[in-house]
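FYI, the numbering for the sequence shown is 88 to 677, going by the working numbering. Every residue, glycine too, gets a C-beta built ideally from N, C-alpha and C. In what follows, a single structure is set out as structure tokens and then discussed.
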Amino acid sequence: MTIMKPYLAYIWGITSKKKKELAALFFLITVDTVARLIQPYLYMVVVDLLTDGLVGGEFTQQMVNLLLTVIAVWFGLAVINNLVDAQRHYLGWAISSDVAQIVHLQGYRKLLKMDYNKHTKRHSNQYTRLVDDADTATWELSNWWLNRIIPSVLGFAGMLVIAFSVSWQMTLISLSVVPPGLFVIIFMMKKYEDEQHRVNKLWNKKSEHLSDQVANIITYKLNQDESRFMKVQKGYADRATIAQLNINKKWRTTMFLNPDVIARFLVMGVGVWFVKEGMITLGTLFMFMGLLNEILVPLNLLGDILPQYNRRARHVERQINLMQDEDDVKNPRRSLKLKTIEGKIELKNVSYVYPGNANGEATIKNMSLTIEPGQQVAMVGHSGCGKTTLVSLITRLADPTEGSILVDGVDIRKFKQDDYRRFIGTVLQEHSLYNETVAENIAYGRPEASRRAIVAAAKMAQAHEFISRLPEKYDTRIGERGVRLSGGEKQRLAIARAILKNPRIVVLDEPTSALDSITEAKVQKGLMRLIEGRTSITVAHRLSTVRNADKILVIERGRLVAHGTHLELVKNCAQYRDMVDLQTGGFLAE
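Here you go:
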């Protein structure tokens with residue numbers, strides 16, 4: 088059990104691995120601190136020598152030589168201070184940057200591996216902001232500790248050694264401001280800790296609203312009402328800003344109670360009396376005035392960073408909680424090796440209840456079915472009947488609440504997720520495209536693929552022709568979510584990505600629902616090349632796209648109510664026949 092706070096243990100666990108850099112940094116901090124602490128001692132020597140010379144009325148050659156030596160040493164220490172201080176700050180920044188990058192990548196990796204259902208429960212900006220905040224907070228906390236707190240503590244400890252060796256009375260007087268100063272700072276921090284936590288939530292809401300508006304900018308463009316949009320955002324910004332200012336006003340108390348003036352008054356006042364009484368020399372008084380900074384700097388530092396420190400620590404703790412949050416979909420401890428699959432899919436008494444479902448009603452209810460290798464299967468049913476949920480279970484974005492899903496006779500939970508999904512190609516209704524080049528977007532199907540393989544996949548997906556017309560062809564950047572492409576072009580890139588992956592199982596979820604008839608025909612050519620010789624599962628509302636499937640599954644309220652070919656279902660399934668009649672007036676049945 089560690090005595091460290093969780094966020095400190097987390098950051099230190101990463102930082103401590105940089106042994107060479109830390110050793111170099113601590114050496115520089117030590118040199119810098121020693122050079123800094125010697126200077127007040129030199130002040131004492133200079134002032135005492137000058138006092139002796141002035142009082143005695145004569146400066147001996149030995150005194151002059153000693154003065155010159157002390158001044159030369161002081162100058163050398165000042166130069167060393169500047170050089171070492173600059174280098175230690177740079178090294179501290181470098182270490183903090185490396186640690187922050189590791190924290191960022193750990194958070195990013197966790198988001199990539201986290202259950203899909205968890206991504207759907209929270210605003211996407213909450214997760215990205217959480218990782219970004221932890222990244223920034225880690226850099227600041229690391230930098231504060233390495234470049235400010237540790238040097239201050241070391242300087243304070245060194246000051247105590249020197250001060251007590253010269254005058255314990257003056258040392259105690261100098262330290263007298265520390266207890267009340269610490270009490271005020273810690274009291275204020277504890278008092279407003281929870282309030283700062285509430286303010287942090289207001290900042291998050293402001294950021295979420297901004298992210299929503301930018302992500303859905305088309306809504307604004309088509310319904311321009313700047314005053315309304317700005318009013319809502321200003322409301323979020325005002326609430327967060329006012330709440331933060333209210334806390335900052337309360338923190339002013341620590342500034343009003345700044346111990347600098349009191350400490351200098353006590354040291355100077357008592358010191359003058361000690362000099363007058365012959366208890367210390369004038370040089371000793373000057374030395375303590377110089378050493379006083381080593382006492383006051385840590386207190387001022389605490390007053391400066393503690394209002395922010397607590398907020399930064401919370402940011403890191405949020406990522407720690409995220410990292411410790413266990414996923415529902417896990418890799419097995421001992422996974423089966425998966426080199427290839429035939430593509431036979433079996434569902435055995437599968438039920439699924441969404442986590443957090445208030446009434447506990449299953450979306451998929453006790454479903455059993457078999458899909459043979461190479462078979463083209465379609466799923467139809469009204470919106471909300473469970474088709475997309477079933478796709479999520481087969482692709483293992485979620486695991487069944489009850490029952491099991493087998494591929495080639497093996498429960499898919501016995502495979503590593505990455506190994507299993509390597510054999511699954513998907514084309515969804517919503518296009519998962521990135522603000523990268525055409526080639527890079529296609530290559531997500533197989534990152535190591537050559538340009539020749541990418542072009543071949545694009546040709547099979549009927550995408551090569553329009554890609555060749557783009558300004559930089561395969562090196563053209565397509566914008567966020569592929570905004571510079573049409574709907575049909577986006578879908579053909581998604582198909583090319585799936586073809587490049589060379590999957591054994593293909594899942595198509597409403598791949599042509601948003602396309603016109605001409606574009607749909609082009610996309611269908613690519614889809615036919617994709618599913619040829621592979622097990623395929625197609626979810627569609629347009630029954631015209633599935634009439635040629637080997638098997639059509641009719642799903643209603645999470646249950647499989649019928650299955651068969653198009654002609655069989657038209658004759659034997661009332662629900663399917665109703666869907667056909669509603670969509671086409673019966674022409675498909677002819």
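Item                                                                                                                         : Value
4-residue-minimum alpha helix (DSSP H) runs that sit fully inside the segment 174–261, ordered along the chain               : 203–208, 211–231 and 237–253
Whole-angstrom C-beta distance between LYS431 and ASP495, which should lie under 8 Å                                         : 5 Å
Bounding residues of the beta strand (DSSP E) (the contiguous stretch that carries GLU433)                                   : 432–439
Whole-angstrom distance between THR117 and MET376, CA atom to CA atom                                                        : 22 Å
Which listed residue (ASP139, LEU259, HIS206 and ILE98) has its alpha carbon closest to that of SER184                       : ILE98
Rounded straight-line distance, which links the Cα of GLN331 to that of ALA224                                               : 18 Å
Best match in LYS321, ILE125, GLN149 and LEU199 for proximity to GLY245 [C-alpha to C-alpha]                                 : ILE125
Every unbroken alpha helix (DSSP H) within the segment 535–605, with a cutoff of 4 residues, ordered by chain                : 538–547, 551–555 and 574–588
Local conformation of GLY473 per DSSP, three classes                                                                         : coil
Host alpha helix (DSSP H) of ASN528 (start-end)                                                                              : 525–529
ASP688, buried or exposed, once every other Cβ within 10 Å from all chains shown has been counted against 16                 : A question about residue 688 goes unanswered here, because the residues of the chain that appear run from 88 up to 677.
Within 7 Å, strictly: CB atoms of SER239 and ILE367                                                                          : no
Beta-carbon proximity of ASN204 to ALA449, cut-off 7 Å                                                                       : no
Exposure label - LYS658; buried when at least 16 CB within 10 Å                                                              : exposed
GLY512 and PRO460 closer than 7 Å at C-beta                                                                                  : no
Residues near LYS292 in its chain [Cβ-Cβ closer than 6 Å; skip 5 each side]                                                  : TYR323
TYR94 beta carbon less than 7 Å from that of VAL286                                                                          : no
Proximity below 7 Å, CB of LYS452 to CB of GLN549                                                                            : no
Beta-carbon contacts of THR488 that lie in its chain and below 8 Å, excluding the five residues immediately before and after : SER438, TYR439, VAL440 and ALA449
Sequence-distant residues of the same chain with beta carbon closer than 7 Å to VAL186, five excluded per side               : ILE98, ILE101, THR102, THR225 and SER229
Residue of TYR128, TRP161 and THR215 minimising C-alpha distance to PHE251                                                   : TYR128
Extent of the continuous alpha helix (DSSP H) to which LYS503 belongs                                                        : Counting along the chain, LYS503 falls outside any alpha helix (DSSP H), and DSSP gives it neither H nor E.
Distance, LEU614 Cα to TYR195 Cα                                                                                             : 33 Å
Cβ shell of PHE510 (< 7 Å), same chain only, five flanking positions each side left out                                      : ILE428, PRO590, ARG591 and ILE592
With 16 other Cβ atoms within 10 Å as the buried cut-off, status of THR625                                                   : buried
Supposed contact pair ALA627 and GLU597 - C-beta distance, whole angstroms, cut 8 Å                                          : 6 Å
VAL633 beta carbon less than 7 Å from that of ALA465                                                                         : yes
Beta-carbon proximity of GLY532 to ARG584, cut-off 7 Å                                                                       : yes
Residue from ASP172, THR156 and VAL132 with nearest C-alpha to LEU115                                                        : ASP172
Cutoff 7 Å: ILE249 Cβ touching any chain B Cβ                                                                                : Protein chains in the displayed structure number just one, and chain B is not present.
Simplified DSSP state of ARG401, which is helix, strand or coil                                                              : helix
Stretch pair the segment 568–577 + the segment 517–528: three plus CB contacts closer than 8 Å                               : yes
Beta-carbon spacing of GLU282, ILE334 below 7 Å                                                                              : yes
Separation of MET374 from TYR130, as counted between CA atoms                                                                : 6 Å
N- and C-terminal bounds of the alpha helix (DSSP H) containing GLY490                                                       : Looking at the DSSP string, GLY490 is not in any alpha helix (DSSP H); the run it does join, the beta strand (DSSP E), is 489–494.
Exposed unless 16 or more other CB atoms sit within 10 angstroms - verdict on GLY575                                         : buried
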